[in-house]
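Working notes for the structure below.
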Amino acid sequence: MRRVVILFALFALAPPAFADAPSDARALLSQLISIDTSNPPGHEELAVAAVARQLRAAGVSPEIVPFAPGRSSLVARYRGDGSKRPLLLLAHLDVVGAAGQPWTVPPFHLTEKDGWLYGRGVLDDKGFAAVATTVFLELVRTHAKLHRDVILALTGDEESGGAGLREILAHHRALVGDAELGLNEGGSIKLDEHGRVVSVSYQAAEKTYQSFQLTAPGLGGHASVPNDENAIYRLARALDKIHALVFPPRLGPTVREELRAMAAHSPDARAAALRRLADAKGTPPASALAIVDEYPLTRAMVRTTCTATMLSGGTRENALPVLARATLNCRLMPGDRTADVERALIQAIGDPKIAVKRLEDNGAGPEIPVGGPVRDALERVSAQLFGKRALVSASVGLGATDSRFLRRLGIHSYGIGVMPKPEELIRSPHGPDEGAPATSVATGVRFLSALVDALAR
Ligand SMILES: [Zn+2]
Numbered sequence: 005m006r007r008v009v010i011l012f013a014l015f016a017l018a019p020p021a022f023a024d025a026p027s028d029a030r031a032l033l034s035q036l037i038s039i040d041t042s043n044p045p046g047h048e049e050l051a052v053a054a055v056a057r058q059l060r061a062a063g064v065s066p067e068i069v070p071f072a073p074g075r076s077s078l079v080a081r082y083r084g085d086g087s088k089r090p091l092l093l094l095a096h097l098d099v100v101g102a103a104g105q106p107w108t109v110p111p112f113h114l115t116e117k118d119g120w121l122y123g124r125g126v127l128d129d130k131g132f133a134a135v136a137t138t139v140f141l142e143l144v145r146t147h148a149k150l151h152r153d154v155i156l157a158l159t160g161d162e163e164s165g166g167a168g169l170r171e172i173l174a175h176h177r178a179l180v181g182d183a184e185l186g187l188n189e190g191g192s193i194k195l196d197e198h199g200r201v202v203s204v205s206y207q208a209a210e211k212t213y214q215s216f217q218l219t220a221p222g223l224g225g226h227a228s229v230p231n232d233e234n235a236i237y238r239l240a241r242a243l244d245k246i247h248a249l250v251f252p253p254r255l256g257p258t259v260r261e262e263l264r265a266m267a268a269h270s271p272d273a274r275a276a277a278l279r280r281l282a283d284a285k286g287t288p289p290a291s292a293l294a295i296v297d298e299y300p301l302t303r304a305m306v307r308t309t310c311t312a313t314m315l316s317g318g319t320r321e322n323a324l325p326v327l328a329r330a331t332l333n334c335r336l337m338p339g340d341r342t343a344d345v346e347r348a349l350i351q352a353i354g355d356p357k358i359a360v361k362r363l364e365d366n367g368a369g370p371e372i373p374v375g376g377p378v379r380d381a382l383e384r385v386s387a388q389l390f391g392k393r394a395l396v397s398a399s400v401g402l403g404a405t406d407s408r409f410l411r412r413l414g415i416h417s418y419g420i421g422v423m424p425k426p427e428e429l430i431r432s433p434h435g436p437d438e439g440a441p442a443t444s445v446a447t448g449v450r451f452l453s454a455l456v457d458a459l460a461r
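With my numbering, you'll find the sequence shown wraps up at 461, consecutive numbering, no jumps.
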């Protein structure tokens with residue numbers, strides 16, 4: 005037994021730090037992708053078990069937190085000297101399903117083709133999970149001396165309602181609740197067409213997801229004798245008004261920085277408008293706003309948006325509808341409140357017969373500081389690994405991540421990217437052929453490892 009221990013110790017010391025880490029991360033990514041954790045139903049406990057086995061083999065005892073049958077999350081902690089509060093590495097193990105999508109490779113198998121890695125979860129978020137686990141295991145294997153504990157949390161159900169992390173926070177908060185800083189999905193490392201890193205963006209705020217249902221009543225009756233109380237027309241009029249409803253811009257510190265960063269890569273006229281908005285004091289200049297509003301993406305960056313996404317009404321082609329319904333999906337700017345948006349919708353519709361109902365509350369989180377230790381570490385690590393031309397900047401997430409639950413507790417959880425990739429719409433998260441350049445895994449390990457060093461060592 006002792007010989008085994010000594011051999012193990014020698015083996016652990018033998019390779020230089022990180023020699024095997026990229027291939028370890030890739031092997032783990034491959035294993036995680038081959039476990040189908042499409043949510044629903046999730047089945048994250050199989051992926052949790054795979055990671056737990058690796059942690060236990062390295063002498064770490066993870067906590068496993070079930071939150072539904074077949075579903076669990078995992079938390080493990082590497083101890084620092086306690087002179088600073090912990091750093092949390094957070095990734096989710098569930099993925100969006102691939103059924104019905106035109107994949108050209110098997111989604112639940114890691115495929116390398118023409119210098120790219122494909123598989124459901126490569127970007128969202130099994131790549132992050134594999135890289136974070138590998139970096140965590142390297143801390144363990146090298147007995148890293150740290151000022152902070154590093155907590156690894158791999159959660160389930162992020163793609164639906166965040167039940168995995170919510171269960172941890174509700175009933176096992178001590179596992180992660182003492183963290184000061186968090187690194188989670190939500191940012192990006194962008195490559196140009198030559199494969200060089202051009203930007204490192206991190207997310208310090210995100211829009212809040214909130215849907216509403218509109219219900220319009222109608223009188224009904226035979227379609228041969230139309231009346232003026234047709235539910236479908238009534239709803240259509242309301243939707244037209246929602247389409248015209250423009251929410252006021254909200255220019256917090258994160259948005260301003262994002263506008264400035266965007267200006268650096270924009271043609272002159274647009275760049276000037278973006279800068280004027282970024283620097284605006286008081287009421288933002290209307291001419292600059294008009295230019296930003298021309299583009300759906302920048303419009304969504306500066307304003308709360310609500311848009312119709314589902315529609316139903318009527319039961320037979322020869323009967324007047326007694327009911328018509330639409331779903332609106334709203335994305336609230338950090339700082340905008342659901343109650344105010346609801347009031348704005350009701351006011352814009354201007355028809356008391358149309359019921360406006362709030363659907364499930366997905367929760368919001370506050371904006372966290374754009375500057376601070378994570379920003380400083382990103383600047384340093386990015387300059388080291390990618391050189392001076394890589395621009396580090398903050399961004400507002402247009403979707404929601406689990407960071408919102410942590411931010412509400414005062415944990416500064418930043419969204420970062422660990423898998424460098426070009427800016428392109430194909431091969432993106434949630435779609436078919438989700439993929440990243442094959443070199444991303446190795447770069448991701450070096451990047452996250454350097455970031456953890458900068459923040460915790
Ligand atoms: Zn995700």
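Beta carbons are placed, not taken as given, at the ideal position from N, Cα and C, and that holds for glycine.
A contact is defined here as three or more CB-CB pairs under 8 Å, and the segment 150-158 meets this definition with respect to the segment 75-87. Taking 8 Å as the cut-off, the C-beta of E189 counts as close to a heavy atom of ligand 1. Three or more pairs of CB atoms, one per stretch, sit closer than 8 Å, so the segment 298-313 contacts the segment 247-254.
Here I193 really is in contact with P424; their C-beta atoms are around 4 Å apart, less than 8 Å. Assignment of P426 by DSSP, reduced to helix, strand and coil, places it in the strand class. Within the segment 374-449, the complete alpha helix (DSSP H) runs of at least 4 residues fall at 377-390 and 407-412.
I350 carries a helical assignment under DSSP once its states are collapsed to helix, strand and coil.
Here the C-alpha atom of A227 lies approximately 51 Å from the C-alpha atom of D129.
In this structure, the CA atom of A304 is about 14 Å from the CA atom of T258. About 3 Å separates the beta carbons of G222 and A235, which is inside the 8 Å limit, making them a contact pair. By the Cβ criterion, the segment 177-191 is in contact with the segment 405-420, since at least three pairs of Cβ atoms, one from each stretch, lie closer than 8 Å. In this structure, the alpha-carbon of E233 lies about 27 Å from that of V345. A check of alpha carbon separations from E427 across G199, G401 and T302 identifies G199 as the nearest. The beta strand (DSSP E) runs of length 3 or more contained entirely in the segment 82-163 are, from start to end of the chain, 91-96, 115-117, 120-122 and 154-159.
Per DSSP, reduced to three states, the secondary structure at F71 is strand. Counting only residues of its own chain and dropping the five nearest sequence neighbours on each side, E261 has a CB closer than 7 Å to the CB of V374, S397 and A398. Between the segment 325-332 and the segment 388-396 there are fewer than three inter-stretch CB-CB distances shorter than 8 Å, so the stretches are not counted as touching. C-alpha of T302 to C-alpha of A294: approximately 11 Å in a straight line.
With respect to the 9 Å criterion, L114 and R30 are classified as neighbours on the basis of their beta carbons. Of the residues D161, V100 and A54, the one whose Cα lies closest to the Cα of L36 is A54.
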